[in-house]
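Q: Attaching a single structure in structure tokens format; questions to follow.
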Ligand SMILES: [Zn+2]
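In UniProt numbering, the protein residues as written are 1 to 166.
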């Protein structure tokens, strides 16, 4: 692998077209992760280099063909296997910043008021959340509802350390 251990900061990623599900989970855990499935490998490698991101790929040929500065070949087939693999490989701290990024577009979320939430949520929603977070880029709303327990349970499967703290 061409990846070099170099920083105490959380790693930033660029996922290739085969890693969309994993990109979403990395974002949910707060890791800065780009994913543009329609760009070709050459552009993907250029963007990853320019933005100094670790390129995550499932394509065995890509590291040799495109020579990105930092690349990691993901071996797992399923999203949960891939997440476990990345947590181990990059020592990802899952408790640092979960639920701080938009899972759709990678923007950092900001808190939003009950009034703002009301405008975004369906009018007929029973017991609408009182507060939550909003994505400044795509306008998507996030709140700590009953679904969060399911998400956290899945995250616990990515890391034994996270499972113990949850
Ligand atoms: Zn968004």
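Virtual Cβ for every residue (Gly too), placed ideally from N, Cα, C.
Values in this document were obtained by computation on a predicted structure and should not be read as measured data.
(1) Could you spell out where the alpha helix (DSSP H) holding residue 151 opens and where it closes?
(2) If we ignore side chains and look at the alpha-carbon of each, how far apart do residue 9 and residue 87 end up?
(3) Exposed or buried, which one is residue 71 when buried takes at least 16 other CB atoms within 10 Å?
(4) When you compare each of 124, 143 and 98 to residue 112 by their alpha carbons, which one comes out closest?
(5) Taking DSSP as the reference, what is the three-state secondary structure of residue 114?
(6) Within a Cβ cutoff of 7 Å, which residues of the same chain sit near residue 162, ignoring the five residues on either side of it in sequence?
(7) Below 7 Å, is the gap between the Cβ of residue 23 and the nearest heavy atom of ligand 1?
(8) For ligand 1, is there any heavy atom lying closer than 7 Å to the beta carbon of residue 140?
(9) Please report the distance separating the alpha-carbon of residue 18 from that of residue 106.
(10) From which residue to which residue does the beta strand (DSSP E) around residue 73 run?
(11) Looking at C-alpha atoms only, which residue of 151, 42, 43 and 34 is the closest neighbour of residue 98?
(12) Within 10 angstroms of the Cβ of residue 148, are there 16 or more other Cβ atoms? Answer buried if so, exposed if not.
A: Concretely, from the data shown:
(1) 147-156
(2) 14 Å
(3) buried
(4) 143
(5) helix
(6) 94, 95, 155 and 156
(7) no
(8) yes
(9) 17 Å
(10) 71-73
(11) 151
(12) exposed
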